[in-house]
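Engineer:
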Amino acid sequence: MVILKKIIMKQFFDHQRKQAIRRPVVGVVLSGIIILSCIGIFSSCSKSDTAVDRTCTVTFILNQTNAAGDTVIVEATAGALVKDPPVPVRAGFTFKGWYTNAADANPDPAKNTAAPKFPEYDIATKPIYLDAILYARWVK
8 MVILKKIIMK QFFDHQRKQA IRRPVVGVVL SGIIILSCIG IFSSCSKSDT AVDRTCTVTF
68 ILNQTNAAGD TVIVEATAGA LVKDPPVPVR AGFTFKGWYT NAADANPDPA KNTAAPKFPE
128 YDIATKPIYL DAILYARWVK
């Protein structure tokens, strides 16, 4: 009986020892699989080398007659200068620049005597990033 007890105890402790070794190994293997999966997922999300050009619409309100043809629409690439902006001419008036605020560019030049609230939008040096509406400012 003692021998049988020793054999049973030996098998029991051998089984416990094998389980104790298996648990960390399984944990390490599963951790490695998870880490490698994350690396694979995040490496596939890297930035692509090709940039997508976004086109912006710039609407120029000439404030000349408030009639048809008083508005010019130009397409521009986001982050670039507007190519070929309109050059407004109005008999008897001086063009004072483009403004983003309609109140700074009243179509009635007699009302444009106060200083503008916002600075002039310098179309020659400022790139465009979003769709925009620019108003011509005229003074007598």
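The opening position of the sequence shown corresponds to residue 8 in this note's numbering, with each subsequent residue numbered one higher.
No residue lacks a Cβ here, since even glycine has one placed at the ideal position from N, Cα and C.
Note that the structure is a prediction, hence the values are computed from the model and not measured.
What first and last residue would you give for the beta strand (DSSP E) that runs through V94?
Structural biologist: Counting along the chain, V94 falls outside any beta strand (DSSP E), and DSSP gives it neither H nor E.
Engineer: Output needed for F125: all residues of its chain with C-beta closer than 8 Å, excluding positions within five of it in sequence on either side, in chain order.
Structural biologist: Only Y106, T107, N108 and D111 meet the Cβ criterion.
Engineer: Residues in the same chain with beta-carbon distance under 7 Å from G104, minus the five sequence neighbours each way, listed in chain order, please.
Structural biologist: Once the five neighbours on either side are set aside, the close Cβ partners of G104 are E127 and R144.
Engineer: If I'm right that I135 touches T66 with Cβ under 8 Å, what's the distance once you round it to whole angstroms?
Structural biologist: Incorrect: roughly 11 Å between the Cβ atoms, too far for contact.
Engineer: Using CA coordinates, which residue listed in E82, A131 and Q71 is at the minimum distance from P95?
Structural biologist: The candidate whose alpha carbon is nearest that of P95 is Q71.
Engineer: Among residues of its own chain, excluding the 5 on either side of V79, which ones have a beta-carbon nearer than 8 Å to its beta-carbon?
Structural biologist: T66, F67, L69 and P93, listed in sequence order.
Engineer: Compare the Cα-Cα distances from L88 to each of L137, I41 and I10 and report the closest residue.
Structural biologist: Nearest C-alpha to L88: L137.
Engineer: So K103 is in the beta strand (DSSP E); what residue range does that whole segment cover?
Structural biologist: Start and end: T101 to Y106.
Engineer: Helix, strand or coil for A109 per DSSP?
Structural biologist: DSSP places A109 in helix when its eight states are reduced to three.
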